[in-house]
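Novice: Per my numbering: the sequence shown = residues 2 to 653. First, the structure itself, so that you have it in front of you.
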Amino acid sequence: MAVLVAPGLAHAQGGAGGDATLLEMREAFRRNNTAQLASLLPSMRGHALEPLAIYWEMKSRLETASPGEIRSALDRMAGTYWEDRLRNDWLLLLGRARDWAPFSSELARFRMNDDRQVSCYSLMLDAASGRMPAELAAERVRGLWLAQRDADDGCATAAQSLLGSGHLKPEVAWQRARLAMDANRPRVASQAVGLLDPDWAAMVDNVARDPARYLDEKFTAIRPRTKELVTLAIIRLASSDPAAAALEMDRTRWKAQLTTEERSWVWGVIGKRSAQKLETQALAHFVNGEDRHMHDDHLAWKARAGMRAGAWAHVSDAIAAMSESQRNEPDWIYWKARALQALKRPDAATAQTQARALLESIASERGFYEQLALEDLGRPITTPPAPAPLGAEEIAAAQRHPGLRRALIAIRLGLRSEGVREWNYTVNLHDAGGMAERELLAAAALACEAELWDRCINTSLRTPIAQDHAQRFPTPHRTAVVSRSREIGLDPAYVYGLIRQESRFVTDARSGVGASGLMQVMPATARWTARKIGLTDFRPAQITERDTNILIGTAYLKLALDDFDSSLPMAAAAYNAGPGRPRSWRNGPVLPGEIWVENIPFEETRDYVKRVLANTASYAALLSGQPQSLRARLGSVGPRPGGETPIDRDLP
């Protein structure tokens, strides 16, 4: 029904000619052809996607338009995503121009309110005007600034103002620089330190270019602010050579010069980098510092290194030192429970009771650790009861919703990115707190009916209580997926779990690195696999065809699974990161699958494997109607047994 509604609305309000004009405007926007945009805009009057056309035209000349023109454009898009998107763009422009009067006026109308830069500008103004205690504003700016990935203007400007007033301490700028150097973002580090003294920015650049040379210079110890720069230099060195950084930290001069806090933070970086290399000495590096001075990311890696070594006291200590927000994530609630179960404590009965309570607090079918918690409590993974069926009025309200209708029309016209953004804004940001649960279920149903499986899944995942697994784990292309999987000896649930994570069933999905189709196959991998399975007439353009993509993607997955001893987690890791990396990661002790997965060095691959395996358990329960086990699918992971079939070195 939804598929029929969207085109009808588009043609009723602008017609096919309007559709063509909109697509022409998209190309003009990409070329920044302001004259063409202005000439085409009148033709879009009355079209359902007129707000998008107005946005493109005004965005292209935002820096030169008058405030009156911008406000007129906002009024013509009132209540839409594109109104608030343009407002966000204008607020950033006003902030960079330090034009605070119109900024403050427009900020009150900003519904999304999800831009860190805008928030930082606002906090700075609140502190300056007395609307908020400066100490509170400084604390909030601190959190936003430290979380900002790039050297953007908003939070840097607010930080500079609050540093100047003394409400933000210089240590925060150095903390920002440390995090940036650890994340290989030296430009961010130099910007942060430059707020304290512009001359120091060049020194940070020198440290980033050659940390070993900086540390070797004999007069380093007498330079001003040297200990902070030394800290940055050793952090930078640890990124490429944690062993060399550890030797540097053992030098007498740094032991004397650096504070306990600085030394602990650096040892946290060294330990993290060593743990990411799966080195046995990682824990020894961590224990040189104090947990209370380490960053959450360091503590997470200390916990992982402790799991890998079976040193559960270190796991427990690391989790206890984490910030409250990280400590309360399902991942760390689960591992805290496992640590309590593993440690031999005098109050063993109390510890087991505490562990059980922690597991109960997260146990559900919702995700990887939630499913493991279920199993640890002796309960299998099943498909939860479906929520009460949607009523006719609930469905009709979703069909009538203007934001959802605009999104559907945009996606139908091939404007997927624009449609997805409007959809996400509508369900999550237009109203404070987002849509209510039943509204989300109805919106997800609308997307499912339109076969927009990514919007169906993502919208249904937002429901705080209800779990509609028919929406969350759809099975499109079922005949093709199931028959092909069974033909080559793959579990269809595993294939579905992987496709759901790779593409959300968007058949023409294409990643930034060139992976294509349902199973997101890389061009070179597709050519190699086609030759391997005797598909002699394969052409690269075929990779986005549904059946060809499934044929090649499943063939590659089966080859990876065979090469990794039928290990689902290792094959999934190979599918995401290539086979060479998991071959290396499996070396070392034999580990329970969940500990091996948690120690995958790449965050993207670690998260990917967890999601694929959790998806697989949910799909298996849905397809079979029988209880399932995630832990059985995880198995154990260790070095390749001797005498096994040789490694397939050709596997790309």
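Using N, Cα and C, we set each Cβ at its ideal position, and we do this for glycine too.
In whole angstroms, give me the CA-to-CA distance for T526 and E229.
Specialist: Taking the straight line from one Cα to the other gives about 47 Å.
Novice: Name the DSSP beta bridge partners of L592, please?
Specialist: Bridge partners of L592: V638.
Novice: Compute the Euclidean distance between the alpha carbons of E330 and Q342, then round it to the nearest angstrom.
Specialist: Spanning the two alpha carbons is a distance of roughly 19 Å.
Novice: Kindly indicate which three-state DSSP category R439 falls into: helix, strand or coil?
Specialist: Here R439 sits in helix by DSSP.
Novice: Have a look at the DSSP bridge pairing and note the partners of R551.
Specialist: For the record, residue 551 in the displayed sequence is Ile; it is not Arg. Answer by DSSP bridge pairing: none, since I551 is not bridged.
Novice: Rounded C-beta distance between R634 and A618? I'm assuming under 8 Å.
Specialist: Indeed, because the Cβ distance is near 7 Å, the residues count as touching under 8 Å.
Novice: Tell me the rounded alpha-carbon separation between T227 and L259.
Specialist: Each residue's Cα considered, the two are about 9 Å apart.
Novice: Answer with buried or exposed for L378, where buried requires no fewer than 16 other C-beta atoms within 10 angstroms of its C-beta.
Specialist: Exposed, since its Cβ has fewer than 16 Cβ neighbours within 10 Å.
Novice: Cα-Cα, which of T549, L462 and G535 is closest to P541?
Specialist: Minimum Cα distance to P541 is reached at T549.
Novice: In the DSSP assignment, the alpha helix (DSSP H) including A184 goes from what residue to what residue?
Specialist: Looking at the DSSP string, A184 is not in any alpha helix (DSSP H), and its letter there is neither H nor E.
Novice: For E107 versus R77, is the C-beta distance shorter than 9 Å?
Specialist: Result no, Cβ atoms of E107 and R77 do not sit closer than 9 Å.
Novice: Would you mind listing the alpha helix (DSSP H) stretches within the region 223 to 282 that are 4+ residues and don't spill past its ends, in chain order?
Specialist: Complete alpha helix (DSSP H) runs here, min 4: 227 to 241, 243 to 250, 253 to 258 and 261 to 277.
Novice: Specify the secondary structure class of Q192 as computed by DSSP and reduced to three states.
Specialist: Q192 falls in the helix class under three-state DSSP.
Novice: Determine the extent of the alpha helix (DSSP H) in which S461 is found, giving its start and end residues.
Specialist: Looking at the DSSP string, the run of the alpha helix (DSSP H) that includes S461 is W454 to S461.
Novice: For the structure I just gave you, are there three or more beta carbon pairs, one from the region 147 to 167 and one from the region 178 to 195, closer than 8 Å?
Specialist: Yes: at least three Cβ pairs fall under 8 Å.
Novice: Would you kindly work out how many angstroms separate the C-alpha atoms of Q472 and R485, rounded to a whole number?
Specialist: Roughly 23 Å separates the two Cα atoms.
Novice: I382 bridges to which residues according to DSSP?
Specialist: Bridge partners of I382: Q629.
Novice: Which value, in whole angstroms, describes the spacing of the CA atoms of V210 and M204?
Specialist: The sequence given here places Arg at residue 210; Val does not occur at that position. Spanning the two alpha carbons is a distance of roughly 10 Å.
Novice: According to DSSP, is V598 part of a helix, a strand, or is it coil?
Specialist: DSSP places V598 in helix when its eight states are reduced to three.
Novice: Within 10 Å of its beta-carbon, does Q521 have 16 or more other beta-carbons around it, so buried, or fewer, so exposed?
Specialist: Its Cβ being crowded by 16 or more others within 10 Å, Q521 is buried.
Novice: Quick check: what's the CA-CA separation for L300 versus A322?
Specialist: About 7 Å.
Novice: Straight-line CA distance for W336 to V316?
Specialist: Answer to the nearest angstrom: the Cα atoms are 8 Å apart.
Novice: In chain order, what are the residue ranges of uninterrupted alpha helix (DSSP H) at least 4 long that sit wholly in the region 54 to 87?
Specialist: Correct list: 68 to 77.
Novice: Mind the definition here: the region 447 to 466 touches the region 407 to 425 only if three or more C-beta pairs lie below 8 Å; say whether that holds.
Specialist: Verdict: yes, contact present.
Novice: Check each candidate in R547, A531 and P583 and name the one with the smallest Cα separation from L562.
Specialist: Minimum Cα distance to L562 is reached at P583.
Novice: Can you give the Cα-Cα distance for G167 and E325, rounded to whole angstroms?
Specialist: Taking the straight line from one Cα to the other gives about 27 Å.
Novice: Please list the terminal residues of the continuous alpha helix (DSSP H) segment that includes K170.
Specialist: Counting along the chain, K170 falls outside any alpha helix (DSSP H), and DSSP gives it neither H nor E.
Novice: If you compare alpha carbons, which of L442, L137, A312 and L569 is closest to T281?
Specialist: Checking every option, the nearest Cα to that of T281 belongs to A312.
Novice: Would G518 and T508 qualify as a contact pair, given that the criterion is a beta-carbon distance under 9 Å?
Specialist: Against a cut-off of 9 Å, the Cβ pair of T508 and G518 comes out as a contact.
Novice: What residues in its chain sit with their C-beta under 8 Å from that of V267, if we drop five residues either side in the sequence?
Specialist: Answer for V267: T232, I235, I236, A239, A246, M250, L259 and G290, listed in chain order.
Novice: Which one of S418, W424, A340 and A398 has the shortest CA to CA distance from L405?
Specialist: Ranking the options by Cα distance to L405, first place goes to W424.
Novice: Could you give the residue range of the alpha helix (DSSP H) that holds K337?
Specialist: P331 to A343 is the span of the alpha helix (DSSP H), which, as asked, contains K337.
Novice: Does the separation of the CB atoms of A578 and F603 fall below 9 Å?
Specialist: Closer than 9 Å, so yes.
Novice: Rounded to whole angstroms, what's the CA-CA distance from D242 to A285? Just pull it up for me.
Specialist: Between D242 and A285, the C-alpha separation is close to 16 Å.
Novice: Taking all protein chains shown into account, decide if V514 is buried (16 or more other Cβ within 10 angstroms of its Cβ) or exposed.
Specialist: V514 should be labelled exposed.
Novice: Let me make sure I understand the geometry here. Which of E58, I534, R380 and A283 has the alpha-carbon closest to that of I363?
Specialist: Of the candidates E58, I534, R380 and A283, the one whose C-alpha sits nearest the C-alpha of I363 is R380.
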